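K.L.:
In the numbering used here, the protein residues as written are 96 to 379. What follows is a structure written as structure tokens; I'll ask about it next.
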């Protein structure tokens, strides 16, 4: 099994046919077919179901395709690192980022780090906390900035900051005059937009106080909540660090200790970090 064979598999699967995959690779069809035949022979299982219109992956093929994509990503990352070394840089740091983690405090830390290590380049990968934990497990990112709650069993973490939540929406959705702060019970009559991961925590806290809240929409990303809020569709419950993204909206802090989120820098437990990732972990 080699990179050429895996690249052929990826191209054929993503293009839907051997002929289209060959065009993507700037090859003729016969050598691509031969590489796939050799790959199946080496694996000892059928990887592709060749239909009249489109090629489909078998279960074994799906597993190998996922592995091939990770290998391809790591290969491209290694090539990028070597390119940076040729340019006199110390290499690239592959950093996963949630959208709500890039607040002022985060960028202060980045500026401080780059003052000490100006030759390190960043490769950013954006996603929600679950996606970035998966990327960390598959080692397609070196480190990730994510938000609680998350399972800590397979990661080491450094807490970067703690944040309260805010209710953010069009002013006409709030009671008048708009209060300086909200308690959770004050939100009972509002159409809420929230994080899917936080709904259980919020509702459990509310039930202990004898009520529940109505969520019009649940999402995995703060930006989605804010987009709905900007459309006047509800009031978003988001961490205070993303309030600066809410142009034209009113933001009111929520006074509830249970609604305190931590932004953390995490690494895969037991994984040895290369130089640029190690420096970031130790100095950020």
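Every residue gets a Cβ at the ideal spot worked out from N, C-alpha and C, and that includes glycine. Only a predicted model underlies this, so the values are computations on that prediction, with no experimental measurement involved.
Per DSSP, which one or two residues make a beta bridge with residue 189?
P.N.:
The partner list for residue 189 (beta bridge, DSSP) reads 218.
K.L.:
Could you say if the segment 326-346 and the segment 289-296 meet the contact criterion of at least three C-beta pairs nearer than 8 Å?
P.N.:
In short, these stretches touch, since the Cβ pair count reaches three.
K.L.:
Grouping DSSP H, G and I as helix and E and B as strand, with all else coil, what is residue 368?
P.N.:
DSSP places residue 368 in coil when its eight states are reduced to three.
K.L.:
What are the complete beta strand (DSSP E) segments, minimum 3 residues, inside the segment 256-341?
P.N.:
Runs of the beta strand (DSSP E) inside the segment 256-341: 287-290, 310-314, 330-334.
K.L.:
Nearest to residue 372 by alpha carbon, out of 100, 239, 228?
P.N.:
Among 100, 239, 228, the Cα nearest to that of residue 372 belongs to 239.
K.L.:
Taking 8 Å as the threshold (C-beta atoms), are residue 338 and residue 273 in contact?
P.N.:
Contact: no.
K.L.:
Between which two residues does the beta strand (DSSP E) holding residue 140 run?
P.N.:
That residue, residue 140, is in no beta strand (DSSP E); it is neither H nor E in DSSP.
K.L.:
Out of curiosity, what's the CA-to-CA distance linking residue 215 and residue 311?
P.N.:
Each residue's Cα considered, the two are about 43 Å apart.
K.L.:
With DSSP run on the structure shown, which of helix, strand or coil describes residue 388?
P.N.:
This structure gives no information on residue 388, because the portion of the chain shown stretches from 96 to 379.
K.L.:
Please return the same chain residues whose Cβ sits closer than 6 Å to the Cβ of residue 258, not counting the five positions on each side in sequence.
P.N.:
Excluding sequence neighbours, residue 258 sits near 334, 335, 336, 356.
K.L.:
At a cut of 8 Å, does the segment 310-325 reach the segment 247-256 through at least three beta carbon pairs?
P.N.:
Contact between the segment 310-325 and the segment 247-256 is absent, because fewer than three Cβ pairs lie under 8 Å.
K.L.:
DSSP three-state label for residue 108, please.
P.N.:
Looking at residue 108 - three-state DSSP - the assignment turns out to be helix.
K.L.:
So, helix, strand or coil for residue 99, using DSSP?
P.N.:
Helix.
K.L.:
When you compare only the Cα positions, how much space is there between residue 143 and residue 150?
P.N.:
When rounded, the distance between both Cα atoms is 6 Å.
K.L.:
Which of the three DSSP states, helix, strand or coil, is assigned to residue 377?
P.N.:
Of the three classes helix, strand and coil, the one that applies to residue 377 here is helix, per DSSP.
K.L.:
So what's residue 234 in DSSP terms, helix, strand or just coil?
P.N.:
In this structure, residue 234 counts as coil in the three-state DSSP scheme.
K.L.:
Taking only the alpha-carbon atoms, compute the straight-line gap between residue 188 and residue 206 and give it to the nearest angstrom.
P.N.:
Roughly 15 Å separates the two Cα atoms.
K.L.:
Straight-line CA distance for residue 196 to residue 282?
P.N.:
Taking the straight line from one Cα to the other gives about 25 Å.
K.L.:
Can you find the residues in the same chain that come closer than 8 Å, C-beta to C-beta, to residue 127, ignoring five residues on each side of it along the sequence?
P.N.:
103, 106, 107, 113, 116, 117, 120.
K.L.:
Over what stretch of residues does the beta strand (DSSP E) that includes residue 363 continue unbroken?
P.N.:
355-363 is the extent of the beta strand (DSSP E) around residue 363.
K.L.:
From residue 183 to residue 110, what distance separates their C-alpha atoms?
P.N.:
Caution is warranted here: a pLDDT of 47 is assigned to residue 183, below 50, making its placement in the model unreliable, and no coordinate value can be reported.
K.L.:
Taking just the CA atoms, how far does residue 349 sit from residue 276?
P.N.:
Approximately 6 Å between the Cα atoms of the pair.
K.L.:
State buried or exposed for residue 262, treating a residue as buried only when at least 16 other CB atoms are found within 10 Å of its CB.
P.N.:
Result: buried.
K.L.:
Determine the direct distance from the alpha carbon of residue 309 to that of residue 138, and round the result to whole angstroms.
P.N.:
Taking the straight line joining both Cα atoms gives about 52 Å.
K.L.:
May I ask which residues mark the beginning and end of the beta strand (DSSP E) holding residue 151?
P.N.:
Per DSSP, residue 151 belongs to the beta strand (DSSP E) from 150-152.
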